[in-house]
Amino acid sequence: MAAGRVLVYGGRGALGSQCVQYFKSKNWWVASIDLAENADASANVVVRATDSFPEQAEQVTAEVGKLLGEEKVDAILCVAGGWAGGSAKAKSLYKNCDLMWKQSVWTSTISSHLATKHLKEGGLLTLTGAQAALSGTPGMIAYGMAKGAVHQLCQSLAGASSGLPSGCAAVAILPVTLDTPANRKSMPDADFSSWTPLEFIAQ
Numbered sequence: 306m307a308a309g310r311v312l313v314y315g316g317r318g319a320l321g322s323q324c325v326q327y328f329k330s331k332n333w334w335v336a337s338i339d340l341a342e343n344a345d346a347s348a349n350v351v352v353r354a355t356d357s358f359p360e361q362a363e364q365v366t367a368e369v370g371k372l373l374g375e376e377k378v379d380a381i382l383c384v385a386g387g388w389a390g391g392s393a394k395a396k397s398l399y400k401n402c403d404l405m406w407k408q409s410v411w412t413s414t415i416s417s418h419l420a421t422k423h424l425k426e427g428g429l430l431t432l433t434g435a436q437a438a439l440s441g442t443p444g445m446i447a448y449g450m451a452k453g454a455v456h457q458l459c460q461s462l463a464g465a466s467s468g469l470p471s472g473c474a475a476v477a478i479l480p481v482t483l484d485t486p487a488n489r490k491s492m493p494d495a496d497f498s499s500w501t502p503l504e505f506i507a508q
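The sequence shown finishes on residue 508 if you use our numbering, and the numbering steps up by one all the way, no holes.
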């Protein structure tokens, strides 16, 4: 019998994969929600890439509903996301805003709605914000804007009448830099020892 049950949105990414591995090692049932399957997960919901937020939300909500039935989960971890730089002058501004919104805000919003339907009373919903977005981010407008929206969403979810089950906690992690292969590749001269290990976040 599983020690607990958790949904990991973004379960194929660097942080998500670490979360899946960690919870599996603790004998938890783990479902991954992502654009591709995670072979280590107990179950997978593969998201169809689309430019329509309602279509994606409806697909994920329906498939998670089929997967869980009447079963509740102890936690929902939204660790999907990405990074894009650029000021308001950047040629890639619109493309990056679209991408960041899809990766952070769409996923966080869907995770929040899933929590209202499938999270146990007293359960945990975790979203992924960013410390940088606590202030202006002129060199990464799209990223800061999307993460700022996630922060606001989390604050709203933590309030009364948010729709979450009784006693549930909604929290956001606000990392500075995670130690991922992509970050090491893009910043090869950085001090990796100052970055947050993925194992630390998962635990």
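For each residue, glycine too, the CB sits at the ideal point set by N, CA and C.
If you're wondering where the values come from, they're calculated on a predicted model, not measured in any experiment.
The region 424-436 makes contact with the region 371-390; the number of CB pairs closer than 8 Å reaches 3 or more. In this structure, the CA atom of V350 is about 17 Å from the CA atom of Q326. A354 counts as exposed, since fewer than 16 other C-beta atoms from the protein chains shown sit within 10 angstroms of its C-beta. Here DSSP, grouped into helix, strand and coil, assigns K331 to coil.
Residue burial annotation: K400 is exposed, with fewer than 16 other C-beta atoms found within 10 angstroms of its C-beta. If you look at V384, you'll find it isn't in any alpha helix (DSSP H); DSSP assigns it neither H nor E. Counted as a single uninterrupted DSSP element, the stretch harbouring V352 is not any beta strand (DSSP E), since DSSP gives it neither H nor E. For E360, the enclosing alpha helix (DSSP H) begins and ends at F358 to L373.
Between V335 and the set E360, A307 and A341, the nearest pair of CA atoms involves A307. Taking N332 as reference, the option from A319, D339, A346 and L340 with the minimal CA-CA separation is A346.
By the criterion of a C-beta distance shorter than 7 Å, T412 is surrounded in its chain by Y314, G315, C383 and A385, once the five residues flanking it on both sides are discounted. Between L429 and D379, the C-beta spacing is below 9 Å.
Where T431 is concerned, the enclosing beta strand (DSSP E) starts and stops at L424 to T433. Annotated three-state conformation of G321 is helix, per DSSP.
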